[in-house]
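Residues in the sequence shown are numbered consecutively from -11, following my numbering.
Input: a single structure, listed below in structure tokens.
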Amino acid sequence: AQATWLIFLTSPEYSPALALHARPAMSSLPASPLLADAEPAHLAELQARIDQSSRPEEQRLHEKEYWRQYKHWTCTLARLAAAIADVGGSDFWQSLCGALGAHWACGPLPEVEDIVCLCLGSLEDHASLCQLSLLHLLSEKLNVSHERCFVYDPCHTREDRSILEYLGFTVWKGNDEAWNPVTRMTLFYMPHGGYRLTNKLVQANSRSLHRVAVLGNCFSWVCNGDGDGGHGADDAEDCRAPHVRAVLPLVKATELPDTLNSKMQERLANLAPRAAQLFGGRLVDCLECSLTTFPPASNWDDTSLPTSPRAQRSAL
């Protein structure tokens, strides 16, 4: 461990800020359950490569990559902590909590047992960190453990998945599991998910929609980008999301605008007008969504349960 430290200090990449965060080699850490997950898996793998390096040049390369990834990890956690505090203290979060209470009281619906998060995006992005902070808040609000929060996005890197696993979430290797009909109440959080994704979700759960809640795009927009619910189409088959259109008359939906972003832009303009003019426009609505739920099981029967427009046509 001492040799590794000396090499790091003499490296041209040495930074006093990083030295303050320096830690001993993994092999020198005491065996403790509390320290077993002190770092995400990808950093532990890099540390193992440092410890196993036989040549100084190879060791320096691994150390350089380790500290680059370590800095990125700590910055991600700091940004996430700030985002949780910002979102959790916002009017947007209060509106979402009010919508959850209204939807569940109206049903009444069973308590949420699982959360499935799709379309989160790269953790490099500001919007994704805000959405991840909302996932944290939802798990706390609904009393769903992180192990029962399932996350998948094909754009996630090895580092993204490692950080999500470090946070305790269950990361799926693929999205096949998302298309199995749910067997318990599940909240699908799909920030800005595409209409095909939402249509496929409704199709897969056509007989278990009473156990599904969706926090994502408005179903009217899913059916038609103009937001008219697909009613402008001359033929049912012209609707881009026929399975969603079939259930549209039965859903309860609450639109939730991103009031946090609008207030941030207002505060930026008041505090630093020149900064607002220079880059204030880069703040985007990353939390805007709609909460959609379905009637409880007691309200569904074979006559009220919609089928897709294509299925109706084929039955004639």
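Don't be surprised by glycine CBs; every beta carbon is placed ideally from N, CA and C.
If the criterion is Cβ atoms closer than 8 Å, does the pair residue i and residue j meet it?
i	j	result
M178	V100	no
F176	W160	no
S116	H30	no
L203	D74	no
V232	V190	yes
N212	G181	no
T186	A234	no
H134	G162	no
T242	L279	yes
P96	W61	no
E147	Q35	no
L68	S121	yes
G86	L125	no
T281	A201	yes
Using only the alpha-carbon positions, how far apart do residue i and residue j sit?
i	j	result
C118	G109	11 Å
Q253	G268	7 Å
D246	K240	20 Å
L23	A32	Residue placement at L23 is poorly supported in this model, since its pLDDT is 39, which falls under 50; the coordinates are not used for a value here.
R195	R37	50 Å
C105	K59	26 Å
L244	A26	37 Å
W167	L197	13 Å
D226	L111	36 Å
P237	Y54	54 Å
G89	R136	21 Å
L152	A285	34 Å
N258	K251	11 Å
L65	E51	21 Å
P283	H91	10 Å
I72	V210	28 Å
S78	E165	33 Å
Y183	S42	52 Å
S83	C94	16 Å
P261	S208	37 Å
E45	D39	13 Å
C143	C107	9 Å
Just grab the DSSP bridge partners of residue i for me.
i	result
D148	None, per the DSSP bridge assignment.
G204	S278
V139	C105, V159
Y177	C105, L203
Counting along the chain, where does the beta strand (DSSP E) carrying residue i start and finish?
i	result
K240	240 to 244
Which residues bound the alpha helix (DSSP H) around residue i?
i	result
V210	207 to 211
C85	79 to 94
D39	29 to 40
E45	44 to 76
V190	183 to 192
S116	114 to 129
H231	230 to 235
R262	261 to 267
Which term fits residue i, buried or exposed, when burial requires 16 or more other beta carbons within 10 angstroms of its beta carbon?
i	result
T291	The predicted position of T291 is uncertain, since its pLDDT is 48 and thus under 50; a value taken from the coordinates is nonetheless stated next. Exposed is the call here.
P114	According to the sequence as given, residue 114 is His; it is not Pro. It is exposed - the Cβ of H114 has fewer than 16 other Cβ atoms within 10 Å.
W81	buried
P169	exposed
A263	exposed
N287	exposed
A10	At A10 the pLDDT is 43, less than 50, meaning the model places this residue with poor confidence and gives no usable figure here.
D222	Low confidence applies to D222: its pLDDT is 45, below 50, so where it sits in the model is not reliable, and the reading given next is rough at best. D222 comes out exposed.
R48	buried
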